[in-house]
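Everything below concerns the one structure shown next.
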Amino acid sequence: NEEDQRSRAHHGFAFFRKMSADVSHDMRNVLSIIGEYAGMLDDLLVIAKKPRHLDLQKLKDLSAKMTRQVQKGTQVMERLSSFSHAADEEKKSFDLALLAGNIVALSQRQAKLAGCKLEAVLPEEAMPVRTNAFAVQHAIFTAIRAIEESLQKGELVTVRLLAKNASAMVSVSGPAASGGSEQFQERISRLSEIMNEVNGSAETSWADGTLEVILAIPIE
Numbered sequence: 005n006e007e008d009q010r011s012r013a014h015h016g017f018a019f020f021r022k023m024s025a026d027v028s029h030d031m032r033n034v035l036s037i038i039g040e041y042a043g044m045l046d047d048l049l050v051i052a053k054k055p056r057h058l059d060l061q062k063l064k065d066l067s068a069k070m071t072r073q074v075q076k077g078t079q080v081m082e083r084l085s086s087f088s089h090a091a092d093e094e095k096k097s098f099d100l101a102l103l104a105g106n107i108v109a110l111s112q113r114q115a116k117l118a119g120c121k122l123e124a125v126l127p128e129e130a131m132p133v134r135t136n137a138f139a140v141q142h143a144i145f146t147a148i149r150a151i152e153e154s155l156q157k158g159e160l161v162t163v164r165l166l167a168k169n170a171s172a173m174v175s176v177s178g179p180a181a182s183g184g185s186e187q188f189q190e191r192i193s194r195l196s197e198i199m200n201e202v203n204g205s206a207e208t209s210w211a212d213g214t215l216e217v218i219l220a221i222p223i224e
């Protein structure tokens, strides 16, 4: 109904804003570091004007550091571009492995703020699906946040992919002392709503001290 659509749009925009804010923070860090290196370069150029020996090795090291930061900034912007274009069409074909890797990378800052580690264990081969890419990104991020909030500081959240029957499965898991708090259940409720958008499902399990959220996405 109309109220549900407004709710989905609200949460979708909130997710988009969150990701954009995190990328902006990362880019500010990159530009700040490049600015520091530019200042060091100016100092070296001042030295070069004086009757002193210019340390070429320092100059090479500084150039290499600046290049690495430019590459890092370029990678961040490419991830943002991929994330943004996922919202171009309501339904599109894409590589789920590539999309999952991208959203895990974009979620690293949030994981750090939560005091957790975050890794993706993804297949080398592509996992093609056709559905709403933006909703899938939102679902994976929500599952990551649900697990993060259930773990102790310093614990590891792992995102894995596997194919089962006619579905692609996204597993998000981590070591937890319980099967999830009330806040966890609220996130799972919201996650189920997101998965309905892609005709998928979200299930949770807690066994042997591991809390897991499994997203089933139709491959079509």
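FYI, my numbering numbers position 117 of the sequence shown as 121, with every residue one higher than the one before it. C-beta: ideal position from N, C-alpha, C; glycine also.
Taking a cut-off of 8 Å for Cβ pairs, the stretch 89 to 96 and the stretch 127 to 147 touch, as three or more such pairs fall below it.
If you ignore the 5 residues before and after Ser-171, its C-beta comes within less than 7 Å of the C-beta of Ala-220, Ile-221, Pro-222 and Ile-223, all in its own chain and listed in chain order. Excluding sequence positions up to five before and after Asp-26, its CB lies within less than 6 Å of the CB of Arg-113, all in the same chain and listed in chain order. Distance from the Cα of Glu-159 is smallest, within the candidate group Gly-204, Ala-118, Ile-198 and Ile-107, for Ala-118. For Ala-104 against Leu-84, the beta-carbon gap comes to about 16 Å, at or over 8 Å, which does not count as contact. Of the other Cβ atoms in all chains shown, fewer than 16 fall within 10 Å of the Cβ of Glu-82; this residue is therefore exposed. By the Cβ-count criterion, Phe-17 is exposed, with fewer than 16 other Cβ atoms from all chains shown falling within 10 Å of its own Cβ. Around the beta carbon of Glu-152, a 10 Å sphere encloses 16 or more other beta carbons of the protein chains shown; the residue is thus reported as buried. The beta carbon of Asp-47 sits closer than 7 Å to none of the beta carbons in its chain outside the five residues before and after it.
With distances taken between CA atoms, Asn-203 lies nearest to Val-140 out of Phe-87, Val-161 and Val-140. Inter-residue distance for Val-74 and Ala-130 is about 28 Å (C-alpha atoms, whole angstroms).
Asp-30 sits buried, since 16 or more C-beta atoms from the chains shown fall within 10 Å of its C-beta.
Around the C-beta of Arg-21, fewer than 16 other C-beta atoms lie within 10 Å, and the residue is accordingly described as exposed. By alpha-carbon distance to Ala-90, the top candidate from Ala-206, Ser-154 and Asn-106 is Asn-106. From the listed residues Val-108, Ile-38, His-142 and Pro-179, the smallest Cα separation to His-14 is found for His-142.
Distance from Leu-122 to Ser-177 at the Cβ level is roughly 12 Å; contact not present, criterion being Cβ atoms closer than 8 Å. Taking each of Ile-144, Leu-63, Arg-149 and Phe-87 in turn and checking the Cα distance to Lys-116, the smallest one comes out for Arg-149.
Following the DSSP letters along the chain, one finds Gly-178 inside the beta strand (DSSP E) bounded by residues 171 to 179. Among the bridge pairs identified by DSSP, Ser-97 is matched with Arg-134.
At a cut-off of 3 residues, the continuous stretches assigned as beta strand (DSSP E) that sit fully inside the stretch 141 to 174 are 160 to 168.
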